[in-house]
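Notes follow once the structure below has been shown.
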Amino acid sequence: MNQSHSPILLLLLVKTATKLFRRLLPLPIATNSRVRGVCETPLLSKTVGQCLEETAHKFPEREALVFFKDGVRKTFSQFKQDVDLAAAGLLALGLKKGDRLGMWGPNKYEWVLMQFATAQAGIILVSVNPAYQAQELEFVIRKVGCKALVFPTQFKTQKYYEILKQACPELETASPGAIKSKRGRKWNDSVQGDSSRHRGQPGQRALTTLSLSFQGTTGSPKGATLSHHNIVNNAYLIGKRLDFNENRCILPVPLYHCLGSVGGCMVMAIHGCSLVFPSLSYDGKAALEAVQKEKASHLHGTPTMFIDMLGQPDFNSYDLSSLRGGVIAGSPVPPEVIKKVMEKMHMRDIVVAYGTTENSPVTFMGFPQDDITQKTETVGCVFPHTEAKIENPETGEIVPLNSPGELQVRGYCVMIGYWADPNKTSEVITDEKWYKTGDIAILDKYGYCKIIGRCKDMIIRGGENIYPAEIEQFLHTHPKLQEVQVVGVNDPKMGEEICACITVKAGQECTAEEIKAFCKGKVGSPRQSGLSRGRRGPQTRLQSLVLACPLAVGFSIADLSFQDPTVHSVCQQLPAHCLWQGE
Numbered sequence: 001m002n003q004s005h006s007p008i009l010l011l012l013l014v015k016t017a018t019k020l021f022r023r024l025l026p027l028p029i030a031t032n033s034r035v036r037g038v039c040e041t042p043l044l045s046k047t048v049g050q051c052l053e054e055t056a057h058k059f060p061e062r063e064a065l066v067f068f069k070d071g072v073r074k075t076f077s078q079f080k081q082d083v084d085l086a087a088a089g090l091l092a093l094g095l096k097k098g099d100r101l102g103m104w105g106p107n108k109y110e111w112v113l114m115q116f117a118t119a120q121a122g123i124i125l126v127s128v129n130p131a132y133q134a135q136e137l138e139f140v141i142r143k144v145g146c147k148a149l150v151f152p153t154q155f156k157t158q159k160y161y162e163i164l165k166q167a168c169p170e171l172e173t174a175s176p177g178a179i180k181s182k183r184g185r186k187w188n189d190s191v192q193g194d195s196s197r198h199r200g201q202p203g204q205r206a207l208t209t210l211s212l213s214f215q216g217t218t219g220s221p222k223g224a225t226l227s228h229h230n231i232v233n234n235a236y237l238i239g240k241r242l243d244f245n246e247n248r249c250i251l252p253v254p255l256y257h258c259l260g261s262v263g264g265c266m267v268m269a270i271h272g273c274s275l276v277f278p279s280l281s282y283d284g285k286a287a288l289e290a291v292q293k294e295k296a297s298h299l300h301g302t303p304t305m306f307i308d309m310l311g312q313p314d315f316n317s318y319d320l321s322s323l324r325g326g327v328i329a330g331s332p333v334p335p336e337v338i339k340k341v342m343e344k345m346h347m348r349d350i351v352v353a354y355g356t357t358e359n360s361p362v363t364f365m366g367f368p369q370d371d372i373t374q375k376t377e378t379v380g381c382v383f384p385h386t387e388a389k390i391e392n393p394e395t396g397e398i399v400p401l402n403s404p405g406e407l408q409v410r411g412y413c414v415m416i417g418y419w420a421d422p423n424k425t426s427e428v429i430t431d432e433k434w435y436k437t438g439d440i441a442i443l444d445k446y447g448y449c450k451i452i453g454r455c456k457d458m459i460i461r462g463g464e465n466i467y468p469a470e471i472e473q474f475l476h477t478h479p480k481l482q483e484v485q486v487v488g489v490n491d492p493k494m495g496e497e498i499c500a501c502i503t504v505k506a507g508q509e510c511t512a513e514e515i516k517a518f519c520k521g522k523v524g525s526p527r528q529s530g531l532s533r534g535r536r537g538p539q540t541r542l543q544s545l546v547l548a549c550p551l552a553v554g555f556s557i558a559d560l561s562f563q564d565p566t567v568h569s570v571c572q573q574l575p576a577h578c579l580w581q582g583e
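Residue numbers (this note's numbering): 1 to 583.
Right, here's the structure in full:
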């Protein structure tokens, strides 16, 4: 061996050995279902603004943000300058530290700009679901006392200003200084100001960003209140586990969701990666096109998004060879989907992440080097500085390893609480500061976690506990099915029966009898019942639905008449998350 290369080789070997050693550190052998992430890496004591400032100083000319459809490209230096001006502009409007500003709209540059400008000015950001209608919007505005709301006039069929007028009819007649509407400032005026006004303002570790999301199928949204300390450190640990630095990441997820704002934008601000937003709202073709043209190394998304991208008719025409990995999160991930993503999208380093908005959001995540079983059957290991335990929800006792129970989490990541709702907060955060996720999970001796399902979604059929996720994973192995969701519906004899909501792949035909035959002897015995089909009607809010094994009442929504009493009865029982809206 050439001696001149020996020191370099030795250095590489040492670095490799160190990485492997650190990779093993988070995997202690547990004796019961309680685990704590290692704390060798200290948490950051920085604000959102400080993180962006440091990264902009390190990589001024590196691209920070690309909005693919809008043609917007910003380097870290340009983005930092825009944030400084926008923060000053917000203060010039009369907003003060601690005031609430709502961000309501699709994935545009202005959304990310406001995310960082509000944080820098000490204003609390309220992330508002862009699909909210008047009643939901009014509740959010009044609940948190929004002093300002930033939104586009219209996006697709969502007419934001018209919706706001329904929520606040006094807009048209309000005097200046009361509720500002058309008398309010235009965007370009609002984001200009003396950028020195906000400089030197120390950020709080307390109320600095507010995220609101629907919880359950009824009631009003609860606002999970997160601090700079929460989101900065969660993003820091996400990037550390993914080994992010010069990566180029496609982000088709909505910005109002924590996977977008924290798992995307905050990771960008801390680790210096480049973010590419392929479209204003999710578009599978646009995401694939962005991967190809931007030569992306990573792609984040929900299982539904990956299923849709894999199902695009022209999928094979895209060059995805630049991809290495990414994060899949937001709902249970069928193993078959992970395998297809790794094989067909070249994402060998794909990891599953698990968390909730209330936990900033990620608490468990896989490692890029995990084996196929760990990637497809678990959500990885607990994050550093985070504790997790599995409890029997009835006794409060920690369950043995590999036994199901309710997952609880404690650590830096847990939210401050639900905004102005101490009762709801006390329902989910115990006196010992454990957050009760409401998810049924299993821990193995190495700390890998498997999510079985939601406590409230568990189906009790004739006294037997059935976890929908297990049936969903099995049905995903059917070659004709694209997406599956399983829920329980009332049954006078068994208490509950199983209802599978199924989307069939484009160009495929599938009957309830075919699904029953596929399930026979594998996931329970089907109930005998006829197939109910209605006449063809217009496209409904439901796109494609089949009720299958073991409740053998099936239909395609394209052929559906809601006058059918059986169909109407079953649909009324479906949880809201099974009723999704088309374009």
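Note that beta-carbon positions come from the ideal geometry of N, C-alpha and C, so glycine has one too.
Under the three-state reduction of DSSP, residue 501 is assigned to strand.
For residue 107, same chain residues with a beta-carbon under 6 Å away, outside a window of 5 residues either side, are 255, 277, 280 in chain order. Taken atom to atom, the span from the alpha-carbon of residue 330 to that of residue 493 is near 34 Å. Counting along the chain, the unbroken alpha helix (DSSP H) around residue 111 starts and ends at 109–121.
The beta strand (DSSP E) runs lying completely inside the region 443–515 and spanning 3 residues or more are 449–454, 459–461, 464–466, 481–491, 495–504, given in chain order.
Taking C-alpha positions only, residue 222 is separated from residue 326 by approximately 29 Å. Closest by C-alpha distance to residue 291, out of 465, 521, 252, 127, is 252. Exclusion of the five residues before and after residue 360 leaves 226, 230, 231, 234, 413 as the residues of its chain whose Cβ lies within less than 6 Å of its Cβ.
Burial of residue 130 is indicated by the presence of at least 16 other C-beta atoms within 10 angstroms of its C-beta.
Taken atom to atom, the span from the alpha-carbon of residue 128 to that of residue 266 is near 18 Å. C-alpha of residue 268 to C-alpha of residue 259: approximately 12 Å in a straight line. Under the DSSP assignment, residue 147 falls in the beta strand (DSSP E) whose first and last residues are 146–150.
For the options 368, 447, 495, the alpha carbon positioned closest to that of residue 464 is the one of 495. Taken in chain order, the whole alpha helix (DSSP H) runs of length 4 or more contained in the region 53–107 are 76–92. By the 16-neighbour rule on beta-carbons within 10 angstroms, residue 241 is buried.
Three or more beta-carbon pairs drawn from the region 32–45 and the region 395–407 are found closer than 8 Å, and the two stretches are therefore classed as touching.
The residues 252, in chain order, have a CB closer than 8 Å to that of residue 283 in the same chain once the five nearest residues on each side in sequence are set aside. Contact check for residue 320 and residue 346: beta-carbon distance about 6 Å, within the 8 Å limit, so the pair qualifies.
Separation of residue 440 and residue 384 (C-alpha to C-alpha, rounded to the nearest whole angstrom) is 22 Å.
The three-state secondary structure of residue 367, taken from DSSP, is coil.
Going by DSSP, residue 409 is part of the beta strand (DSSP E) stretching over 405–411. According to DSSP, residue pairing for residue 429 in a beta bridge involves 435. 387 is the residue among 457, 95, 339, 387 whose C-alpha sits nearest the C-alpha of residue 37. The beta carbon of residue 166 is closer than 7 Å to those of 134 in its chain, skipping five residues each way along the sequence. Here residue 141 is buried: its Cβ has 16 or more other Cβ atoms, across all protein chains shown, within 10 Å. Put simply, the backbone Cα of residue 511 is about 14 Å away from that of residue 482. In the displayed model, residue 287 falls within a helix according to three-state DSSP.
The C-alpha of residue 153 is placed about 5 Å away from the C-alpha of residue 160.
Excluding sequence positions up to five before and after residue 239, its CB lies within less than 7 Å of the CB of 267, 270, 271, all in the same chain and listed in chain order.
Between the region 467–478 and the region 421–436 there are fewer than three inter-stretch CB-CB distances shorter than 8 Å, so the stretches are not counted as touching. Pairing residue 356 with residue 76, the inter-Cα distance amounts to about 29 Å. Beta-bridge partners assigned by DSSP to residue 386: 411.
The continuous stretches of beta strand (DSSP E) do not include residue 155, and DSSP gives it neither H nor E. Under DSSP, residue 37 forms no beta bridge with any residue.
Here the alpha carbon of residue 461 sits roughly 17 Å from the alpha carbon of residue 485. Cβ atoms of residue 100 and residue 147 come within 8 Å of each other, at about 6 Å.
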